[in-house]
Structures are given as structure tokens and as C-alpha cells.
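Here's the structure, in C-alpha cells; my notes come after.
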Ligand code: UD1
Ligand code: MG
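See the structure below:
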């Protein structure tokens, strides 16, 4: 059985932010959420988060997650932090200790670590060799490579500081042993803290061999302490995400200028131009092409959809073979069927467009049901809001709405109807007929231009 304890009590002073450190966003999600998600991809009995600074905000951010909480009111060290959760750990299970500010750890690495723990080896440590180990706890081994202890940088001798193998902080420990070792921790060290790392020497003293495994790369175990490290981790995460896209066969014109800040599913022969930002859940069908500068948040694009540059789409579904943009804005609740055209400077909100419907220029279509093959002329506005309430506009199949029409909702345009340009339509328009709602054009024969006095 396995439980995870995630240390997340620190303030993160160097972030210079009111937000607790573990809530700083990486790839649009709090650092802590990355750690929880990775931990929960193993089969865990429970995930315990040790929170302290900003505990209410930290708890609130995890409201929809399956986590248990322990509080560390005062940050007296990593050992003290784990001790706050120990009562929730069973004797016969393994506790996997993770850091809320080490977000890019891989599940495979954690599984490898957990698999080292058994009855004769109650403690396993994740380490890594670094060219520059400054700041980290060093792994002290004897001549036959047996691990003896961890020594913190501030407590290390000059000789020990030359050791390149460091403690990542991540470890897996049997509950029964962890409970006993934590109870014996002392804070007689340079920082006056209860160091979790002291359990290594305790295990050795109890006659156990401490096993270890190395992280695959440094990125996995990098901690975040300031905005510089946060920015560099963001780049690493983006590089990793875009590499996944390339491996899946997506053509990414410049891998350094494509951000995936959520999850993405892709079909075959997808192409993504530069400076595209995708957040939330994005699903791209086969042969989708995304132009430069597009921003997509929770969007599904059907097969063969073309997004022309600088289009912004949120919470919407675009049907197969549709064309959107350039400079289109598609807002939440919009669903189009196949072969829809949404052109430049068009805003759609909670609009349902039928197959082959076209809104090509300079229009606002909100709270509207638009039938198949409807053509909405340039500058058409659905007046959906009376200042208090919102109303729907319904446009029947095959209708033609002339340019610069105001459709004052609630209003229905019948199937096959034609609305003359410049109309202000306040009453329903019948099917298959021409409806005009505008002043008649007059020519005044007797009119003369004024002359200067
Ligand atoms: C710790 C390790 C060090 C290791 C390094 C890896 C100890 C004593 N040292 O050092 O060997 O090389 O991590 O990054 O464990 N935290 C709490 N409560 C506390 C103290 C810390 O929740 O009372 C949390 C912090 O918010 C942070 C994590 O534990 O997420 C690590 O604490 P930090 O103070 O950064 O430890 P280091 O000095 O970096
Ligand atoms: Mg640290």
C-alpha cells in the first residue's frame, strides 16, 4: 500500500507574491497540482498535503481533488513537516514524500523509487549527480558505496561539499520505520530545523541498507524558489509538451513559439504556426491548420478546420472543414456544424451554426440559433441584451441577412427569408419572403446645396 505526503507549507518569500509558493502557476496550473496529479497517477491509498502558509487558499485550490490535509503552523523543517502527517500513515504501508515546489517529477521515476522499498529495505532515496551541487544536501557514502547519511550544505565540511551526488528530497519510507525515526529527530544543526534527511543516518544505524535511484534528468527534480526558476521551468515544460506534439506527427513551425498550457489531443497532419497558445482541454482533428497568433482555451476543432491568424476561441466546438478568422473571436457556448465560415472581426457567443452557415465580416452573433446554409451579411448584429435580460435570435435554414442589419431579439427569421440591408428587425420575418425594416430611399428634386453666406 502506498500513501503520498506532499510538503507544501512554505511561504516562498523569494516569489515576492501574496500567493503561496505552491499556488504559483506553471503551465497555467498551480505547482502543487502538477505534483498531486503525478502522485495520483501511481496507485495511492491517499494523498496528504502538508500546508501551512496560506493554508486556506491552498485548500481552496484543491477543492475538487481527492486530498487529505495536515497543517504545519510553523515551518520548523522538512522532518517536522512530515511529522504533521505521520498519524495518517499506516505502519505497513510505504509513504512517498514529495515536494510541492518540485513540479516536473515523472511518475516512472517515482514508481522506480517506490519499488525499491521492501521489508529489508524500508527506505529508498531519489538522488541525482549535479555538476554544481551548491545548496543541496550531499549524499555521503563509504568506500564500498554504501549510503551513510545526508549532510546539508550549511552543515557540510569543505570535503563533503565536493560531493556531486545530492539529495532530491524525494524518498519512499515504510510507515512503521518513518514513525519511529521522526520521533527521534533533533534540531541541533546549523539551521536549528528538524531535518527529514537525518532519517538516512538513523536507518543506517538500525542496520538497514538505504537504496537509491537517480532521477532521469535534472529538470525532474528542480525546485522553484523564485520567478527566474519558475520561468525556466515553464520553458522546460513547454519544450516537453511541444516535443510530445512533434512525436505525435504535428507540424509545429517553431517549437520555441508554441505553448500548451493544458491537455491536448491531436489527429493526423495537424499544423501549428508560430505564437499559438492552447490552454485547458484542446482537441484537434485530422488536417487541422492553426494560423499564427491564435489563442485556444477548451476548444474542439473537427477534421479539416482552418484557423486563420489571430483568432481567439474559448469553450467552443468548430465542426469539420470550417474556416475561422483571421481576427475572429469565438466565445463560450458556440458550436458550429461542418463547413461553417466565420470571418474577420466576427464575434460569436453562445451561437449554434448549422452546416455551411456563413458569417464572414464584422458581425456580432450572440445567443443565436443559425440554420444550415444561412448567410449573414457584413455588419449584422444580434441585439441580444436589453440592458437587463438576454434573448435569443433564431435564423431559419437558408436565410439571407443583408448587411448592417440589427436583429432585435427575441426574434425569428423564417427559413429562406431575405432581410434587406440596413434593416432593424424587431418582429419575426416570414419564410421565403423579402422583409425590409428601414426608411425608404427618397430623392428630393427641389433640394439645393446650401451656399456660403
Ligand atoms: C531540502 C533537503 C536537501 C535537498 C533539498 C532538495 C532537508 C533538511 N534538506 O533542502 O537535502 O537537497 O531539499 O531541494 O530536507 N517545507 C515545509 N515545512 C518546513 C520546511 C520545508 O513544508 O518546515 C517544504 C518547503 O515548502 C519545500 C520543501 O519542504 O517545498 C523543501 O524545503 P526547503 O526549505 O526548500 O529545503 P532545502 O533547504 O531546499
Ligand atoms: Mg529548497
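Residue numbers (this note's numbering): 321 to 773.
Ideal placement from N, C-alpha and C gives every residue a C-beta, glycine not left out.
Fully enclosed beta strand (DSSP E) runs of no fewer than 3 residues occupy 684-690, 701-703, 713-715, 726-728, 731-733 of the segment 680-762, in order along the chain. For residue 386, the secondary structure class from DSSP, reduced to helix, strand or coil, is coil.
If you draw a straight line from the Cα of residue 685 to the Cα of residue 586, it is about 29 Å long.
CA-CA distance, residue 417 to residue 369, rounds to 10 Å. Taking the Cα positions, residue 673 is about 37 Å away from residue 354. Cβ contact annotation for residue 577 (same chain, cutoff 7 Å, sequence separation greater than five): 594, 595, in chain order. Going by beta carbons, residue 565 and residue 346 fall outside the 8 Å limit. The alpha carbon of residue 606 has as its nearest neighbour, out of 619, 598, 640, 583, the alpha carbon of 640.
Excluding residues up to 5 positions away in sequence, 662, 666, 685, 696 lie with their Cβ nearer than 6 Å to the Cβ of residue 679 in the same chain. Distance from residue 492 to residue 433 at the Cβ level is roughly 5 Å; contact confirmed, criterion being Cβ atoms closer than 8 Å. The continuous beta strand (DSSP E) containing residue 323 extends over residues 322-328.
A direct Cα-Cα distance of roughly 33 Å separates residue 600 from residue 321. Annotation for residue 364: no beta strand (DSSP E) segment contains it, and DSSP assigns it neither H nor E. In this structure, the CA atom of residue 624 is about 18 Å from the CA atom of residue 648. Close CB contacts of residue 732 within its chain, under the 6 Å cut and outside five residues either way in sequence, are with 714, 748 (chain order). DSSP places residue 544 in no alpha helix (DSSP H); its state is neither H nor E. Taking non-hydrogen atoms of the ligand UD1 into account, the C-beta of residue 507 is found less than 7 Å away from none of them. For residue 638, the uninterrupted beta strand (DSSP E) run begins and ends at 632-638, by DSSP. In the three-state scheme derived from DSSP, where H, G and I count as helix and E and B as strand, residue 463 is classed as coil.
The nearest non-hydrogen atom of the ligand UD1 is 7 Å or more from the C-beta of residue 661.
Apart from the 5 residues on each side of it in sequence, residue 694 sits with its Cβ closer than 6 Å to the Cβ of 677, 715, 719 in its chain, given in chain order.
Distances taken from the Cβ of residue 347 to the heavy atoms of the ligand UD1 include none shorter than 7 Å. Check the Cα spacing between residue 362 and each of 385, 453, 427: the tightest is with 427. In this structure, the alpha-carbon of residue 526 lies about 11 Å from that of residue 441.
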